[in-house]
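Participant:
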Amino acid sequence: MNLEKENKFAKQINETFHSAVVKVQRERRIIVELRSDLIPPFLSFAKEYLSFIHMAHYSCVDWLEENKFELVFMLWSYEEDVMLIVKTKIDREKPEFVTIKHLWPQAETYEREIHEMYGVDFKGNDRLGEFILEDWDDLPPMRRDFDTVKYAGEHYFTRPGREDAQDVRETIARHSGEEIPDFAKKYSIRRDEE
Amino acid sequence: MEINWLKVLGILITPVIAFIVGVTYGGLTRIITARIQNRFGPPVTQNFWDIVKLYSKKTNIQHGVMQHLAPVFAITASITTLYFVPVIRESTVFTNLSFQGDLIFLLYIMVFGSLGMALGVGQSGNPNGAIGVSRGLSQMVGYEIPFVLAIVAIMIQFKTTNLNDLIAMQNNFNHWIIFQSPFAFLAAILAFLGMMGYAPFDVVVAPAEIASGPPSEFGGKYLGLMMTSRSIFTFAKLTLFTDIFLGGAGDFVTLVIKTFALYMIPVLTGIVNPRFRTEQSIRFFWAWPTVFGILAVLIVVW
Amino acid sequence: MREKETTLYLGPQHPGVTGNMMVKLKVAGDTVVKAETHVGYLHRAFEKLMEVRSWMQCFPIVCRICVPEPDPNEENLARAVEEIEGREVPERAKYIRVMVLELARMASILLWMGGQSGSAGLYTMPQWSVGDRDYILDLFEELTGGRVYHMYIWPGGVRRDLPEGFEDRVLKTLDYLESRLPDYDHLMFENAIFQKRAKGVGVIPKEKALEWGVVGPPLRGCGIKHDVRIDEPYEVYDKLDFIVPTYEGGDVWARAMVRRQEFEQSISIIRQVIEKMPKGDYYNKVPNPFNWIVPPGEAYVKTESVRGEFGYYVVSDGSLKPRRIHVRGAAYVHGVSLLEKILVGANIADVSFIMNSLGVCPPEIER
Amino acid sequence: MINDKYANKIVDIIQNFARKSSLWVVAYGTGCGAIEIPPTMTSRYDAERFGIRGSATPRQADVLLITGYLSTKTLKRVIRTYEQMQDPKYVIGFGSCTINGGMYWDSYNTIKALDQYLPVDVFINGCMPRPEAVISGFIKLQELIKEGKANGAQKYKENLEWYRENQRKVIKNWKMPDYNW
């Protein structure tokens, strides 16, 4: 595998941003971890000087155990065909970040979604608010402590009939003589009690 | 005053015949369209059952008196138009109310329905309907010009404003006005495409753009009335064009053949063409059709 | 004088919008002054559901994300899992995947032809092209058991081998579809009125296209030649011979022509695939799906769908369930920020026309 | 007016036949099942043979086809669309997710049983139902109409309170015009 251009980019990034943790994940993938306040200058540096002009994706991951949200930016360089994955962790209790819509206008849409789904507040984005959901009054639904099964059970009428449906996982495991995995066992226990 | 009972009979049954023929043509159109589109299509009676279904709706929402009146305007206009068009040549029953100057009268009465609709739609408050009406009126400005030019050319050329006179003049195959005044025919038939509202001139009802345009707030009996009116109006227009350009018809078989042939022109054009934007449509009518109309007039005047 | 502005709601119940979404238009006369996309009518919380499902259970879910062309979703998730796990895929499976992806592209382009011409009022074209699309769906049904949702591509290969004589039937269908192309040309692409409607409408400025995140046919319609299949070849695309059509102009017409030529390219790709397809296994053993632990890691994979770059960001924390799967639908950018920009100044008659040409697919915007 | 029992019956038969032979489906693709509507309507399966046709606005339509799951946001619009339609009107639930939530049984944003919120005349099973299944569902509806049994609109009117209660449970911000026809 030839990682020449990836290593070249990694070196360039390290020279400019000393605190950045740069890792070449594989061919065409560079992962950069940065402090959150360095993200806007880094992104404009990547866009203007490193030719990462296409913002392919903008995501958010909830690390409930560490009490952090991780914002992930995927930038693609059409000239070198390399993807730069920029990651940063922000506080989960009072999640705040700045908007990057001046760099890429479509970031506005992503920010609206992340705001709605995780509750991250983006300073400078004036279109935050209802985007996908309507009249939502619970926790932002994509947070890991939001329980969708419980919410659905409480709010929606559920037609009976599912309980006595045959559990497929258990049946397959029994047929093939394999061990029933732990998470499927609760069904078998219930069944044995009956 | 002596009452011509045969004429009264004709007046009574003409709309019924027009309705039946119009609805059947509608059904046939749907079958022909379907065949071109690689499928079977609905039965011939489909349009009839559609209308009956609309009449048998239990509830009818309306937003005011004008909206209530709009379909009435439409059907009044179509039946009135029909009454002034002689259906069968030299027939006591089906000459209807044709009189001296009826061509000029028809030019007016034919747009009456659209204006009534415009008033009704305005009250429904549906923006799609309002846009549809404004599109319809703009397009009408487009196609009325070549149409009027063609009619004027014919009126000058044959020195009459009476449809019966025109029909009487075309007693022979080679006397048909389509051959005597081809430019007038071209202008009129292109305008006719716009009048019928099939693609590419279906800007008024364009479903993908403005839902279904003016009728979008009309359902149930109102829509049924509008469909009835459309069937009758289609027949009236076809008969009018047959009378003017194709020498009228001596009996019903000839009438059906001639009108159906004429009807297929917009229908077949519509199947294979997308629709114009409104301003493109107007531009179309003000280009060649208008030129043909002016040519027709100039030739006659010289 | 400034004309009075009215607000026009295009959708969600409207025959013109591409699916269940709404565009709120501020209209002055016939011209759009301001457009605002409202989505969320199809939000099923896929990303949340996948966090409470096992890895294998995610596969029936992902294909529902984009209804007209579900296979890139499966392909993406399978490839992401393979990348995190380091799982090898047999050569034959790669070829089969390419074949399925290209068939899906063709089916999707046929559906788009219907939508594009239908929104311009040419109602014969949808009848033809959507009817012909069914022949491709028949092939899918034979191969995978499903017409629309296939759940066919999974980590380590594909679910079933090709049935006997399947290649011949694919070739036959391709021949038929190729023979239909002249008909489509006569009816749609060579139609003067269609050209009149399409040219110069919905223009994406070329110098802004990359920055705005335009991908796929809209980008290639601006004359910029970028395609995931060439930029970052996946499966066996680097072994196949095909061109990436581009067209200048950036308008609806350019996008239409790009898609039309891609249709021909897909036919040629599938023919090559069938010719070059090796014999052998079609899958590597998949672990017990009930006890399938994917090691911690993350991957961003992308596929060229018919609407453009389709990406998946998959994070695994080493448990039975995914930590996070985030979908980058191609229409996500096209349908919201791009559409809002290029609708300004358009005629209301063209709104649905432009939406169709961008391939706005609401389920992948809100998922 | 006509008061004869037989005359009324004949009128009923004719009206039901007309309603049966002409079903206009409002063009509202509420869910992913909408992808099987184009094949159903176009040349391969040609639903127009049975008088089934698309209709652009709810005012003119007879059938509301719920193509799959309904998110709460869509449910509000669907109820609005349904109430704009003119009596007699019919609802077809399309796909497993209208019956019991289907694969979205634990989703926080979709309703699980459509008939709690709207009167459903026919359910079509499957995820997603093939065009043949859709057509057979329509034919079942036609049979019901012919026998005069498809009276969902009447059921809705009579049990409006119950339906409203269910709807309000799901739709938090209830801003809807009254339903009084």
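Chains as they are written, first to last, in the numbering used here: chain A, 1 to 194; chain B, 1 to 302; chain C, 1 to 367; chain D, 1 to 181. A virtual CB, placed ideally from N, CA and C, is assigned to each residue, including glycine.
Kindly indicate if chain A contains any beta-carbon less than 9 Å away from that of M1 of chain C.
Facilitator: Below a pLDDT of 50, predicted positions are generally treated as unreliable, and M1 of chain C, at 42, falls in that range; no measurement from the model is reported.
Participant: Chain C partners of F53 of chain A, CB-CB under 7 Å?
Facilitator: Here the sequence assigns Ile to residue 53 of chain A, which means Phe is not the residue at that position. Ordered by position in chain C, the residues that pass the 7 Å Cβ test against I53 of chain A are L210, E211.
Participant: Going along the chain, which residues of its own chain have a beta-carbon closer than 8 Å to the beta-carbon of F45 of chain A, five neighbours each way excluded?
Facilitator: T16, F17, listed in sequence order.
Participant: With distances taken Cα to Cα, identify the nearest neighbour of R277 of chain B among B:G220, B:P289, B:V204, B:D251.
Facilitator: Cα-wise, what sits closest to R277 of chain B is B:V204.
Participant: Counting only beta-carbon atoms, is I282 of chain B nearer than 9 Å to chain C?
Facilitator: So, not an interface residue.
Participant: Kindly give me the distance between the Cβ atoms of F19 of chain B and S231 of chain B, rounded to whole angstroms, as I take these residues to be in contact under 8 Å.
Facilitator: Confirmed, Cβ separation roughly 6 Å.
Participant: DSSP three-state call for R190 of chain A: helix, strand or coil?
Facilitator: Because the pLDDT at R190 of chain A is just 43, under 50, the model does not fix this residue reliably, and the value given afterwards should be weighed accordingly. Three-state result, R190 of chain A: helix.
Participant: Using 9 Å as the limit for Cβ to Cβ distance, is I116 of chain C near chain D?
Facilitator: According to the sequence provided, residue 116 of chain C is Gln. The question's Ile does not apply to it. No - not a single Cβ of chain D is within 9 Å of the one on Q116 of chain C.
Participant: What does the alpha-carbon distance come out to for the pair Q106 of chain A and H150 of chain C?
Facilitator: Their backbone Cα atoms lie some 32 Å apart in a straight line.
Participant: If I measure Cβ to Cβ from D164 of chain A and keep anything under 7 Å in the same chain, skipping five residues before and after, which residues do I get?
Facilitator: Bear in mind that the predicted position of D164 of chain A carries a pLDDT of just 48, short of 50, making it unreliable; the figure below should be weighed with that in mind. Once the five neighbours on either side are set aside, D164 of chain A has no close Cβ partner at all.
Participant: Quick check: is the beta carbon of A45 of chain C nearer than 9 Å to any beta carbon in chain A?
Facilitator: True, the Cβ-Cβ gap to chain A drops below 9 Å.
Participant: Contact check, E217 of chain B vs G129 of chain B under 8 Å by CB: the rounded distance?
Facilitator: 6 Å between Cβ atoms; contact.
Participant: Using a beta-carbon distance below 9 Å, is G221 of chain C in contact with chain A?
Facilitator: Chain A, which has no Cβ nearer than 9 Å to the Cβ of G221 of chain C, makes this no.
Participant: Name the two residues that bound the continuous beta strand (DSSP E) containing L372 of chain C.
Facilitator: Here chain C comprises residues numbered 1 to 367, so residue 372 of chain C is not present and cannot be evaluated.
Participant: Tell me whether F40 of chain B is buried or exposed, calling it buried when 16 or more other Cβ atoms sit within 10 Å of its Cβ.
Facilitator: F40 of chain B should be labelled exposed.
Participant: Name the DSSP beta bridge partners of T31 of chain C, please?
Facilitator: C:A28, C:N347.
Participant: Using three-state DSSP, classify Y95 of chain C as helix, strand or coil.
Facilitator: Y95 of chain C falls in the helix class under three-state DSSP.
Participant: If we ignore side chains and look at the alpha-carbon of each, how far apart do V33 of chain C and I348 of chain C end up?
Facilitator: Straight-line Cα distance between these residues: approximately 10 Å.
Participant: Are there 16 or more other CB atoms within 10 angstroms of the CB of M257 of chain C, so buried, or fewer, so exposed?
Facilitator: The residue in question, M257 of chain C, is buried, as its Cβ has 16 or more Cβ neighbours within 10 Å.
Participant: E194 of chain A: buried (16+ other C-beta within 10 angstroms of its C-beta) or exposed?
Facilitator: Here E194 of chain A scores only 40 on pLDDT, less than 50, and its place in the model should not be relied on; the value that follows carries that caveat. The residue is exposed, with fewer than 16 neighbouring Cβ atoms inside 10 Å.
Participant: Consult DSSP for H18 of chain A and reduce its assignment to one of helix, strand or coil.
Facilitator: In this structure, H18 of chain A counts as coil in the three-state DSSP scheme.
Participant: Quick check: does the Cβ of G101 of chain D come within less than 8 Å of any heavy atom belonging to the ligand NAD?
Facilitator: As presented, the structure is devoid of all ligands, the ligand NAD included, so that no description of it is given.
Participant: What is the rounded straight-line gap between the Cα of H57 of chain A and the Cα of V215 of chain C?
Facilitator: Roughly 12 Å separates the two Cα atoms.
Participant: Am I right that V201 of chain C and A346 of chain C are in contact with their C-beta atoms under 8 Å? What's the rounded C-beta distance?
Facilitator: Indeed, because the Cβ distance is near 7 Å, the residues count as touching under 8 Å.
Participant: Could you check which residue in B:N273, B:G220, B:G142 has the C-alpha nearest to that of Q84 of chain D?
Facilitator: It is B:G220.
Participant: Since I believe N284 of chain C is in contact with V89 of chain C (beta carbons under 8 Å), could you give me their beta-carbon distance rounded to a whole number of angstroms?
Facilitator: Yes, V89 of chain C and N284 of chain C are in contact; Cβ-Cβ is about 7 Å, under 8 Å.
Participant: State yes or no: is the beta carbon of I104 of chain B nearer than 9 Å to at least one beta carbon in chain D?
Facilitator: No - not a single Cβ of chain D is within 9 Å of the one on I104 of chain B.
Participant: Suppose you measure from the CA of D71 of chain C to the CA of C63 of chain C; what does that come to, to the nearest Å?
Facilitator: The straight-line gap from Cα to Cα measures roughly 6 Å.
Participant: Residues of chain C with CB closer than 7 Å to the CB of N38 of chain B, please, in chain order.
Facilitator: Correct list: Q127, W128, G131.
Participant: Among A:L103, A:T158, A:D126, which has the Cα closest to the Cα of F42 of chain A?
Facilitator: Among A:L103, A:T158, A:D126, the Cα nearest to that of F42 of chain A is on A:L103.
Participant: Listed from N- to C-terminal order along the chain, which residues in the stretch 118-136 of chain D have their beta-carbon within a distance smaller than 7 Å of any beta-carbon of chain C?
Facilitator: Answer in chain order: M128, R130.
Participant: Taking Cβ-Cβ distances shorter than 8 Å, what residues in chain D pair up with T158 of chain A?
Facilitator: Chain D residues near T158 of chain A: N100, G101, W105, K112, A113.
Participant: Flag this pair as yes or no: are the beta carbons of G118 of chain C and V360 of chain C separated by less than 9 Å?
Facilitator: Taking 9 Å as the Cβ cut-off, G118 of chain C and V360 of chain C do not qualify as a contacting pair.
Participant: Between the stretch 157-180 of chain D and chain A, which residues of the former have a C-beta closer than 9 Å to a C-beta of the latter?
Facilitator: Answer in chain order: N166, K169, V170, I171, K172, N173.
Participant: Checking the sheet assignment: what are the DSSP bridge partners for M55 of chain A?
Facilitator: Paired residues: A:L75.
Participant: Taking the Cβ atom as the reference point for each residue, do D67 of chain D and G29 of chain D lie within a distance shorter than 9 Å?
Facilitator: A small fix is needed here, since residue 67 of chain D is Thr in this sequence, not Asp. Closer than 9 Å, so yes.
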